[in-house]
Amino acid sequence: MKPAPPLLLLLPALMLVPVAVLLPGLMHGGGWDLIGQFLLAAVQPSTDPVVVNALLRGLGVTAGMALLGWFASLLIGLTAGLASSRLLWRTLIGHSWPAEVVRRLLAIPRSIHELIWGLLLLQVIGLQPVIAVFAIAIPYGALVARVVSDLLDSLDGRNLEALLASGSAPPAALLTAMGPPLLPGLISYGGYRLECALRSATLLGVFGLGGLGNELLLTLQSLQFHELWSGLWLLLAVMLALEAVIGTLRRRWGMPSRFSLRAAGVGQRGRELVLAAALLIPLVFGVGRALAIEPAALLHWQALPPLAPGGWSEALALPWPALVLNTVLLTVLAAALAVGVAPLLLLLVAPWAWGQRILQLIWAIGRLWPPPLTALLLLFVLKPGVITAALALGFHNLGILGRLLLEGSEATGAQRQEALRSSGCGPRIALLYGRFSGLARSYLAYGAYRADVILRETVVVGLVAGTGLGSQLNQSLSAFAFDQLLLLLAAYAMLTLLGEDLSDRLRKRLLQQ
Amino acid sequence: MNTTGPARSTLSSQPVLELRDVAVPGRQHPRLADIALKLEAGERVALLGPSGAGKSTLLAVANGLLEPAQGEVRWDGISRARGQRARRRQQARIGTLWQDLRLIEELSVQQNLNCGRLAHWGWPRALLNLLLPMESEACAQALRQVDLEPHLLNQPVGELSGGQRQRVAIARLLRQQPQLLLADEPLASLDPRLAQDLLQLLLQQARAPRALLMSLHRPDLLQGFDRVVGLRQGRIHFDCPVADLQGAELDALYAGALEASSAR
Numbered sequence: 004m005k006p007a008p009p010l011l012l013l014l015p016a017l018m019l020v021p022v023a024v025l026l027p028g029l030m031h032g033g034g035w036d037l038i039g040q041f042l043l044a045a046v047q048p049s050t051d052p053v054v055v056n057a058l059l060r061g062l063g064v065t066a067g068m069a070l071l072g073w074f075a076s077l078l079i080g081l082t083a084g085l086a087s088s089r090l091l092w093r094t095l096i097g098h099s100w101p102a103e104v105v106r107r108l109l110a111i112p113r114s115i116h117e118l119i120w121g122l123l124l125l126q127v128i129g130l131q132p133v134i135a136v137f138a139i140a141i142p143y144g145a146l147v148a149r150v151v152s153d154l155l156d157s158l159d160g161r162n163l164e165a166l167l168a169s170g171s172a173p174p175a176a177l178l179t180a181m182g183p184p185l186l187p188g189l190i191s192y193g194g195y196r197l198e199c200a201l202r203s204a205t206l207l208g209v210f211g212l213g214g215l216g217n218e219l220l221l222t223l224q225s226l227q228f229h230e231l232w233s234g235l236w237l238l239l240a241v242m243l244a245l246e247a248v249i250g251t252l253r254r255r256w257g258m259p260s261r262f263s264l265r266a267a268g269v270g271q272r273g274r275e276l277v278l279a280a281a282l283l284i285p286l287v288f289g290v291g292r293a294l295a296i297e298p299a300a301l302l303h304w305q306a307l308p309p310l311a312p313g314g315w316s317e318a319l320a321l322p323w324p325a326l327v328l329n330t331v332l333l334t335v336l337a338a339a340l341a342v343g344v345a346p347l348l349l350l351l352v353a354p355w356a357w358g359q360r361i362l363q364l365i366w367a368i369g370r371l372w373p374p375p376l377t378a379l380l381l382l383f384v385l386k387p388g389v390i391t392a393a394l395a396l397g398f399h400n401l402g403i404l405g406r407l408l409l410e411g412s413e414a415t416g417a418q419r420q421e422a423l424r425s426s427g428c429g430p431r432i433a434l435l436y437g438r439f440s441g442l443a444r445s446y447l448a449y450g451a452y453r454a455d456v457i458l459r460e461t462v463v464v465g466l467v468a469g470t471g472l473g474s475q476l477n478q479s480l481s482a483f484a485f486d487q488l489l490l491l492l493a494a495y496a497m498l499t500l501l502g503e504d505l506s507d508r509l510r511k512r513l514l515q516q
Numbered sequence: 161m162n163t164t165g166p167a168r169s170t171l172s173s174q175p176v177l178e179l180r181d182v183a184v185p186g187r188q189h190p191r192l193a194d195i196a197l198k199l200e201a202g203e204r205v206a207l208l209g210p211s212g213a214g215k216s217t218l219l220a221v222a223n224g225l226l227e228p229a230q231g232e233v234r235w236d237g238i239s240r241a242r243g244q245r246a247r248r249r250q251q252a253r254i255g256t257l258w259q260d261l262r263l264i265e266e267l268s269v270q271q272n273l274n275c276g277r278l279a280h281w282g283w284p285r286a287l288l289n290l291l292l293p294m295e296s297e298a299c300a301q302a303l304r305q306v307d308l309e310p311h312l313l314n315q316p317v318g319e320l321s322g323g324q325r326q327r328v329a330i331a332r333l334l335r336q337q338p339q340l341l342l343a344d345e346p347l348a349s350l351d352p353r354l355a356q357d358l359l360q361l362l363l364q365q366a367r368a369p370r371a372l373l374m375s376l377h378r379p380d381l382l383q384g385f386d387r388v389v390g391l392r393q394g395r396i397h398f399d400c401p402v403a404d405l406q407g408a409e410l411d412a413l414y415a416g417a418l419e420a421s422s423a424r
């Protein structure tokens with residue numbers, strides 16, 4: 004009695020049942036009129052030039068921070084990725100142990116969310132435009148490094164051996180043998196990272212690090228929903244444009260899609276690639292000047308306030324089991340909701356052509372709308388807690404997983420769906436059997452990876468919804484209790500590494516069968 | 161109503177499939193023009209013609225996938241239903257054997273066979289079939305009808321050999337129990353022995369009240385068909401009993417096909 008792939012795809016949605024049961028108990032009665040006003044304001048955003056100008060300025064700052072953070076993360080990631088490649092070390096010195104050391108070290112910056120990096124830098128060097136850039140660049144760089152080294156080490160080493168055997172110098176041999184096959188995967192992943200950077204920069208703004216996010220938070224807190232929606236629609240336009248450009252370039256340059264399980268082909272149109280790279284550098288410097296970025300500011304540390312009395316014993320006395328349990332629960336709940344609801348919604352709207360368009364719009368809003376703002380909105384009607392936080396986090400990730408599922412389902416199974424339809428099947432069952440069968444395993448494998456990202460992201464809603472390690476982290480940060488902070492970060496890092504390992508195993512099992 | 165067998169209703173006096181004056185425009189010459197074709201219950205009709213003659217287009221029209229720009233298609237004397245449900249009931253009576261089979265590789269043989277019944281099942285059964293494959297006895301019987309062992313029922317389709325898959329696809333058709341059987345060159349990529357076997361299987365299944373319309377890539381497989389229709393540049397060239405088919409007509413059908421197809 005093993006569920007077949009399409010059914011497997013729907014299983015995570017079972018998490019909706021306990022949520023639906025518990026939800027009525029979480030409502031505190033009031034606030035529905037505010038939600039109504041918020042929804043109504045979507046169709047009448049403010050067009051006041053003062054508001055729009057302020058929002059556009061904020062958007063410019065956010066986009067600039069995203070671009071710079073992304074660019075820096077590529078530089079960091081490429082360097083660190085090479086340094087953690089087993090293949091590279093073996094080629095250069097004959098041993099691969101330095102790669103293992105670098106890999107372990109890189110797990111630390113990777114396991115800490117960009118928001119925490121941002122808040123830490125804020126405490127240490129004060130409010131500077133450069134903070135947001137590096138808050139993005141540090142964890143992203145470590146993520147890129149992992150992808151680079153994994154890609155490198157999964158390549159066939161025989162070309163390299165052949166070049167070395169014929170007497171080429173190792174660096175030249177590496178570049179020749181490994182550069183071309185590495186490039187497509189790297190560019191595809193890099194493009195995806197730029198989309199993420201825009202989302203992260205918006206999020207950092209919500210926490211006061213500058214840009215549009217800040218404006219969004221202020222308009223929400225002052226209940227100026229019309230102005231809020233002006234900002235949201237602007238952000239949506241920019242994000243959809245960015246996604247469209249990246250998608251077009253990915254197809255044009257022959258890069259694999261993120262969802263594809265096939266190996267990457269070699270990228271085409273090399274001249275365009277070089278041109279794009281050459282244009283990027285002056286752009287980055289221009290944006291850096293416009294935002295008054297001073298990398299040197301990173302070196303000027305502020306004096307830290309003295310530690311509170313009580314010290315370590317107080318830090319150890321924190322309710323650790325509850326904190327960890329809440330965080331894990333939040334992750335599982337948000338991940339199951341995001342993974343399970345996407346196919347369910349697609350099935351629901353299958354009979355209507357416009358249904359998919361509406362879903363795409365809702366998902367796009369989910370992607371760009373920072374989860375803490377969703378949590379704030381939910382707090383109008385719900386009490387704070389794990390479920391409220393999970394709903395906010397789940398909605399954001401639903402936007403990401405939903406788009407992926409839709410892209411995947413457009414790429415596979417069209418004929419089988421047509422065959423089922425033409426033998427009289429209903430549209431929903433034809434979608435379930437015809438398209439979801441082929442998609443289920445790779446989608447769930449991606450979901451497992453996403454759960455791992457969600458674990459890192461719990462900190463973002465934890466700060467608002469008052470639950471888990473995230474909220475404790477915020478309290479310790481604002482109390483300058485660096486001993487607690489250190490322990491909390493270590494707990495977070497351990498949890499993330501554990502989760503990474505679990506999701507890796509799950510993914511392998513899903514893809515093997 | 162009998163839902164397990166093709167309806168032996170009072171409609172049997174109507175042709176199973178009727179195309180009246182059907183036309184589908186194309187870029188250089190029409191994909192189909194002036195098509196008039198009738199299939200009575202029990203008739204087995206072969207469709208011949210060089211590639212590009214419009215065989216697949218004609219089958220797509222017969223299947224309902226393609227709505228012709230002009231003319232009318234009737235199934236059991238009824239034209240294309242407008243309501244969603246009525247249209248689905250109509251489609252459930254049209255079974256197609258696709259050239260690429262269109263089996264669902266990730267599901268078991270039994271689950272694939274049951275795809276033939278999905279049109280009649282509601283959500284609960286369709287979902288349950290993904291957990292506990294349903295109607296084992298009927299599925300086993302369908303397998304036996306195509307000379308496959310019932311122990312294959314639990315295997316994923318992805319693990320079957322090419323010949324086995326062809327048979328599973330036919331067994332799925334049997335589960336659907338359609339009134340009109342359509343097949344688009346199902347034998348094109350098979351070795352001669354296998355092609356002969358499968359053809360016999362299909363012909364056997366196409367007894368009254370069913371009718372069969374099958375496009376063929378080779379004129380030497382005509383044995384067992386009642387009628388043969390020759391298609392050339394979207395028009396019907398001849399439509400006669402197989403026994404009456406003259407060698408000269410066949411030659412004329414394929415004459416210049418090579419130049420025509422290379423000129424396109």
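Heads up: the sequence lines are chains A and B, in that order.
Counted the way our numbering counts, the first sequence spans residues 4 to 516.
Counted the way our numbering counts, the second sequence spans residues 161 to 424.
Think of the CB as a built atom: it goes at the ideal place given N, C-alpha and C, for glycine as much as any other residue.
- In chain order, LEU226, PHE228 place their CB closer than 8 Å to the CB of GLN40/A, counting only its own chain and leaving out the 5 sequence neighbours on each side.
- When rounded, the separation of the alpha-carbon atoms in ARG353/B and ARG444/A is 38 Å.
- Per DSSP, GLY473/A lies in no beta strand (DSSP E) segment; the continuous alpha helix (DSSP H) that holds it begins and ends at 471-481.
- Following the DSSP letters along the chain, one finds TRP366/A in no beta strand (DSSP E) but inside the alpha helix (DSSP H) bounded by residues 356-371.
- The beta-bridge partner set that DSSP reports for THR256/B consists of LEU342/B.
- At a beta-carbon threshold of 7 Å, the residues of chain B lying near ILE432/A are LEU278, ALA286, ordered along the chain.
- In chain order, ALA110, ILE111, SER114, ILE115 place their CB closer than 8 Å to the CB of ALA496/A, counting only its own chain and leaving out the 5 sequence neighbours on each side.
- Secondary structure at SER506/A: helix, using DSSP grouped into helix, strand and coil.
- Shown here, VAL384/A sits in coil according to DSSP, grouped into three states, outside any helix or strand.
- Taking a C-beta cut-off of 8 Å against chain B, the contacting residues of the segment 400-423 of chain A are GLN418, ARG419, GLU421, ALA422, LEU423, listed in chain order.
- Identification of chain A residues near LEU291/B by a Cβ-Cβ cut-off of 9 Å yields MET4, LYS5, PRO6, ALA7, LEU10, ordered along the chain.
- When DSSP states are grouped into helix, strand and coil, GLY129/A belongs to the coil group.
- Taking LEU513/A as the centre and dropping the five residues before and after it, the same chain places the C-beta of ARG444, LEU447, ALA448 closer than 6 Å to its C-beta, in chain order.
- Excluding its 5 nearest sequence neighbours in each direction, ALA220/B has C-beta neighbours in its own chain below 7 Å: LEU226, listed in chain order.
- SER440/A and GLY276/B do not touch by the CB rule: their CB atoms are close to 16 Å apart, not below 8 Å.
- In this structure, the alpha-carbon of PRO6/A lies about 44 Å from that of LEU488/A.
- Boundaries of the beta strand (DSSP E) around SER375/B: 371-375.
- In this chain, LEU382/B is not harboured by any beta strand (DSSP E), its DSSP state being neither H nor E.
- Contact with chain B is absent for CYS199/A, since none of that chain's Cβ atoms lies less than 8 Å from the residue's Cβ.
- In this structure HIS399/A is buried. Its beta-carbon is surrounded by 16 or more other beta-carbon atoms within 10 angstroms.
- Using a Cβ distance threshold of 8 Å, SER203/A and ILE139/A count as a contacting pair.
- For GLY255/B, the nearest beta carbon of chain A is closer than 8 Å to its own beta carbon.
- For GLN251/B, the number of other beta carbons within 10 angstroms of its own is at least 16, and it is reported as buried.
- Cβ contact annotation for ASN289/B (same chain, cutoff 7 Å, sequence separation greater than five): GLN271, ASN274, in chain order.
- The beta carbon of GLN315/B sits no closer than 8 Å to any beta carbon of chain A.
- Fewer than three beta-carbon pairs drawn from the segment 28-48 of chain A and the segment 471-482 of chain A are found closer than 8 Å, and the two stretches are therefore not classed as touching.
- Neighbourhood of SER425/A in chain B, by CB distance below 8 Å: ASN223, GLY224, LEU225, GLN251, ILE254, THR256, in chain order.
- By the rule that beta-carbons nearer than 8 Å mark a contact, TYR446/A does not touch chain B.
- Residues of chain A with a Cβ closer than 8 Å to the Cβ of ARG248/B are, in chain order, GLY427, CYS428, GLY429.
- When secondary structure is reduced to three states using DSSP, CYS428/A falls in the coil class, being assigned neither helix nor strand.
- Classified as buried, ALA338/A has 16 or more neighbouring CB atoms from the shown chains inside 10 Å of its CB.
- The C-beta of ILE249/A has 16 or more other C-beta atoms within 10 Å across all chains shown, which makes the residue buried.
- Under the 10 Å beta carbon count, ASN477/A is surrounded by 16 or more other beta carbons and is classified as buried.
- Rounded to whole angstroms, the separation of the alpha carbons of LEU123/A and LEU282/A is 33 Å.
- A buried status is given to ALA318/A, since no fewer than 16 other beta-carbon atoms sit within 10 Å of its beta-carbon.
- Here the alpha carbon of LEU231/A sits roughly 28 Å from the alpha carbon of PRO27/A.
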